[in-house]
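Q: Structure below; questions to follow.
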Amino acid sequence: MPRPRLRRPRSAGLQTCTACTRRWRWPDNWYAYWINRYPSGTNDTITIFTPEWGERTGLSGGPQVQVADGVVTAIQNTATIIPRHGYVVYFRGEAKAASHFAVGRKAEYRVVRSDGAPLGAFASAREAIGCGPRLVTNGRTTVDPAAEGFRDPKILYALAARSAVGLTRDGTTMILATSGGTTRQMADVMLGLGAYQAMAFDGGASAGLWFEGRYVTEPGRLLNNALLVLRR
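Start counting the sequence shown at 4; every next residue gets the next number (the working numbering).
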């Protein structure tokens, strides 16, 4: 197996840009907050729900714009059917953005990179999970969370539970979770265990490791996403 050699990563934030009448400039376009995520709290939000979410949004309390085949087909304030060939835009607050929609108008959304660069491999991705910062690159620790855009003290310097994924020099996958440490300490551990490439996953109460029917490292809360490795 060829040795994996990866460049030092750069930030590649993604945004969901929504527009009416196919005019991709302000004030006819804006950015959604989330896709297929139940909005928590009471803050303003713009959330897009696609058929992968289910048959209906299951929400109320704000305008819901139903879009089918690129055309607004309904606007209502109750749980809305998600078209097979479309989506629903849910608004809580954000009245100005919601006011641009009207039944019969064209509407569209695109996923774009925040730095304006082409999507590249993101364009064909079917599933993804957030991670970072980079811990090990080509057999050397390369921890610089601030340079990758991380600002949370938990990631920059605090002690917390950690999880990480790595590759050895021959391509063997490593998955590790610890009960405590800094990001830099996690990088040293991964390197010491033989990682040639390694990336941090979430830390704190979200860090956990499940193996053969039980937790090896138990998280501090219920988890809504995970990296799964299955036997075939």
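For glycine and all other residues, C-beta sits at the position ideal for the given N, C-alpha and C.
In angstroms, rounded to a whole number, what distance separates the CA positions of Y34 and I49?
A: 8 angstroms
Q: Among the residues of its own chain, which have a CB less than 6 angstroms from the CB of G96, if the five just before and after it don't count?
A: D47
Q: Report all residues from its chain with a CB closer than 8 angstroms to the CB of S63; omit the five preceding and five following residues, and keep chain order.
A: N80, T81, A82
Q: Per the contact definition of three or more C-beta pairs closer than 8 angstroms, is the region 145-164 in contact with the region 121-131?
A: With fewer than three CB-CB distances shorter than 8 angstroms, the region 121-131 does not count as touching the region 145-164.
Q: I need the DSSP call for F2, collapsed to helix, strand or coil.
A: Here the chain covers residues 4 to 235 and nothing more, so residue 2 does not appear.
Q: Quick one: is T60 buried, meaning 16 or more other Cβ sit within 10 Å of its Cβ, or exposed?
A: Classification of T60: buried, given that the 10 Å Cβ count is 16 or more.
Q: For E215, which of L231, A71, S209, A161 has the nearest alpha-carbon?
A: L231
Q: Alpha carbon to alpha carbon, how far is Q200 from N141? Give it in angstroms, no decimals.
A: 6 angstroms
Q: What's the C-alpha gap between P42 and F104?
A: 21 angstroms
Q: Give a yes or no on contact between the region 107-119 and the region 164-179, applying the rule of three or more CB pairs nearer than 8 angstroms.
A: no
Q: Which term fits L138, buried or exposed, when burial requires 16 or more other beta carbons within 10 angstroms of its beta carbon?
A: buried
Q: Using a 10 Å radius around the Cβ and a threshold of 16 neighbouring Cβ atoms, would you call S182 buried or exposed?
A: exposed
Q: Is it true that the region 144-154 meets the region 210-226, where meeting means three or more beta-carbon pairs spaced less than 8 angstroms apart?
A: no
Q: Would DSSP call A201 helix, strand or coil?
A: strand
Q: Please report the straight-line C-alpha distance between A77 and N39, rounded to a whole angstrom.
A: Cα to Cα, A77 sits roughly 19 angstroms from N39.
Q: Over what stretch of residues does the beta strand (DSSP E) that includes T176 continue unbroken?
A: 176-181
Q: Look at the Cβ atom of V146, then the Cβ atom of F204, and state whether they are nearer than 9 angstroms.
A: no
Q: Evaluate R6 with the Cβ neighbour count: other Cβ atoms within 10 Å of its Cβ, from every protein chain shown; 16 or more gives buried, anything less gives exposed.
A: Because the pLDDT of R6 is 42, which lies under 50, any placement of that residue in the model is unreliable, and the number read from its coordinates should be weighed accordingly. Burial call: exposed.
Q: What separation, rounded to the nearest whole angstrom, lies between the Cα atoms of G65 and E58?
A: 18 angstroms
Q: Residues in the same chain with beta-carbon distance under 6 angstroms from V91, minus the five sequence neighbours each way, listed in chain order, please.
A: F52, T60, Q67, Q69, T83, I85
Q: With DSSP run on the structure shown, which of helix, strand or coil describes L212?
A: strand
Q: Just mark G206 as buried or exposed, buried being the case when its beta carbon has 16 or more other beta carbons within 10 Å.
A: buried
Q: Taking Cβ to Cβ, would you say N228 is nearer than 9 angstroms to I132?
A: Taking 9 angstroms as the Cβ cut-off, N228 and I132 qualify as a contacting pair.
Q: Would you give the residue range spanned by the beta strand (DSSP E) that L170 belongs to?
A: 165-171
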